[in-house]
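Residue numbers (my numbering): 62 to 208. First up is the structure itself, then whatever we jot down about it.
Following this line, the structure appears as structure tokens:
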């Protein structure tokens, strides 16, 4: 069965939208097929994802797989009035869920890219300093020798 949410307003500049699904799964799975539709323009974002949570005991050791919560990120969504068309599927009829929509969620991608650039710059600077010091000592009366 397909469910239609109430409309919700996304304000501001183009930004990512995160949709979080919180479920009551217990050794079960749930699959969400969704459309996020702009109520004014009809533009739609089609996406799907699975949430699963399993646990048990095997050989005297307990194990857990999956999570009762999961999220999906839709990048660069323009402001406007939207609604969701949600088509959930599950291996049980008792599976319940709550959907929460977040806007302007900071991503970690930029942080790691900036960190990589800084590390590379640091390595280049250290190499250049080492080369400079090596040349400087070679021009002195007591050059560095490795014997």
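Where a beta carbon is used, it is the ideal one built from N, C-alpha and C, also for glycine.
Asked	Found
Inter-residue Cα distance where the pair is residue 137 and residue 68	19 Å
Nearest-angstrom Cα separation, counted from residue 115 out to residue 123	11 Å
Reference residue 103; option with closest CA among 154, 143, 171	143
Buried/exposed call for residue 182, threshold 16 Cβ in 10 Å	exposed
Where residue 177 sits in the DSSP three-state scheme	helix
Residue-level contact to chain B via CB, residue 75, 7 Å cutoff	Included in the structure is just one protein chain, with no chain B present.
Beta-carbon gap between residue 157 and residue 85 smaller than 7 Å	yes
Residue range of the unbroken beta strand (DSSP E) whose run includes residue 206	That residue, residue 206, is in no beta strand (DSSP E); it is neither H nor E in DSSP.
For residue 81, three-class secondary structure by DSSP	strand
DSSP state of residue 124 mapped onto helix, strand, coil	strand
Range covered by the beta strand (DSSP E) that runs through residue 111	105–119
Straight-line Cα distance separating residue 169 from residue 178	14 Å
Sheet register partners of residue 141 (DSSP bridge)	71
Buried or exposed by the 16-neighbour rule on C-beta atoms within 10 Å, applied to residue 147	buried
Residues sharing a beta bridge with residue 197, DSSP	None; residue 197 has no bridge partner.
Segment contact, 8 Å Cβ cut-off, at least three pairs: the region 124–132 with the region 186–193	no
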